[in-house]
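Read the structure below first, then the notes.
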Amino acid sequence: MCYIIGKLLVWTCFMFNFSEFINDTPIDSILLFIITFSLLIISAYIGKFIFKRKKLNDDIADDEAKIILGAILSLLGLLIGFVLSISISGYNNRQQTEENEAIAIGNAYQRAQLLNSSDRREAIHLLQQYLEARIEFFKSGVSDENNQWRRVSLEKQATLWEIAVKEANQSPNPVIASVLTAFSDLYLSQQKTMASWRHQIPNAAWFLLIFFAICSNVLIGYNIRGTKGKNWLILILPSLTTLALFMIAEIDIPGEGVIHVTPDDLISLQEFLFKEGALVGKLD
């Protein structure tokens, strides 16, 4: 019993570090898949071989183990569903903020037409650069390049604001006030994006997920400890659990992974405003 408790403590420490790795480090999805799958397979075989010397006909112990296994599997399923809903909610929020940014940039482009000729030309050029920076931001995930594109977009927005403030000081009126509001909305929409551009699943949730998965696989191994042949059956639960955790982690990574938000609305806006002569027509 002490040996088993010691093993569980070791796994607990490992799981906590693993959850921090998931939340604080850009994840290599393939590496995550391999580590999780290996961990659960080892847990299943630990359960199988540690208890294989037990009496095979100990019906009372087997019934108790099956009850516990059923309860743990139920809790694991509920926990996976709960964490999946958190990751999907974060994905939907990022998708909504990308759409809001496209709306804010389109509105700022329209309001920029109200500036005088020289300021209008400079403002539209800055908006074009700002839009390009936002597109690259969404494409760069959570890397250092992502922070660089964010700084670029903040600089462009600040310059746009200075242009609007200068003209507002020269001729304050409700029209220029609407331009100020539009340029301010660029910053607000960007800040809302940053609020959702992070991992949504806390460390405690990852800890519980992997802990319940390990316990389930240990009990699976215990229940088939006396079975000869067909050892591939022991791989079913680790495989399904690993796929579920892999998908959750993929959805939870901002801008990266198999399932992530792409700047489709921003790209469409760029093609509409700044290509096929649209920009030239406005400036002339």
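My numbering runs 1130 ahead of the 1-based position in the sequence shown.
All residues carry an ideal CB built from backbone N, CA and C; glycine is no exception.
Near residue i, what residues of its chain come up, given a Cβ to Cβ distance below 6 Å and the 5 sequence neighbours on each side ignored?
i       : result
Thr1227 : Lys1322, Thr1323, Ser1326
Gln1258 : Phe1404
Ile1389 : Glu1380, Ile1381
Ile1350 : Ala1174, Leu1367
Gln1278 : none
Leu1375 : Thr1166
Ala1335 : Val1213
Pro1156 : For Pro1156, the predicted structure reports a pLDDT of 47, less than 50, and the residue's modelled location is therefore unreliable. The matter cannot be settled from this model.
Glu1386 : Gly1271
For residue i versus residue j, is the C-beta distance shorter than 8 Å?
i       : j       : result
Leu1370 : Asn1347 : no
Phe1342 : Leu1199 : no
Leu1316 : Ile1265 : no
Gly1487 : Pro1384 : The question about residue 1487 has no answer, for the chain in this structure spans 1131 to 1414.
Leu1214 : Val1305 : no
Arg1280 : Val1391 : no
Phe1212 : Thr1372 : no
For residue i, which residues in the same chain have their Cβ closer than 8 Å to its Cβ, ignoring the five residues on either side in sequence?
i       : result
Ser1283 : Tyr1260, Ala1263, Arg1264, Phe1267, Gln1320
Gln1287 : Tyr1260, Phe1313, Leu1316, Tyr1317, Gln1320
Leu1310 : Trp1291, Ala1294, Val1295, Ala1298
Glu1252 : Ile1293
Ser1308 : Arg1241, Leu1244
Leu1399 : Ala1232, Ile1235, Gly1236, Leu1261
Lys1269 : Gly1385, Thr1392, Pro1393
Are there any heavy atoms of the ligand FMN lying less than 7 Å away from the beta-carbon of residue i, as far as the coordinates show?
i       : result
Thr1323 : Looking at this structure, you won't find the ligand FMN or any other ligand, since it has none at all.
Rounded to whole angstroms, how far is the Cβ of residue i from the Cβ of residue j, which I believe are closer than 8 Å?
i       : j       : result
Ser1217 : Ile1331 : 6 Å
Asp1249 : Glu1285 : The Cβ separation is near 18 Å, so there is no contact.
Leu1170 : Ile1344 : 7 Å
Leu1256 : Thr1289 : 6 Å
Leu1363 : Ile1354 : 7 Å
What does a CB cutoff of less than 7 Å around residue i pick up in its chain, not counting 5 residues either side in sequence?
i       : result
Glu1401 : none
Glu1229 : Asp1395
Gly1136 : Since pLDDT at Gly1136 reaches only 40, below the 50 mark, its modelled position is unreliable, and no value is offered.
Gly1220 : Ser1326, Gln1330, Asp1382
Q) Do the stretch 1371-1382 and the stretch 1162-1178 touch if we need at least three Cβ pairs shorter than 8 Å? A) yes
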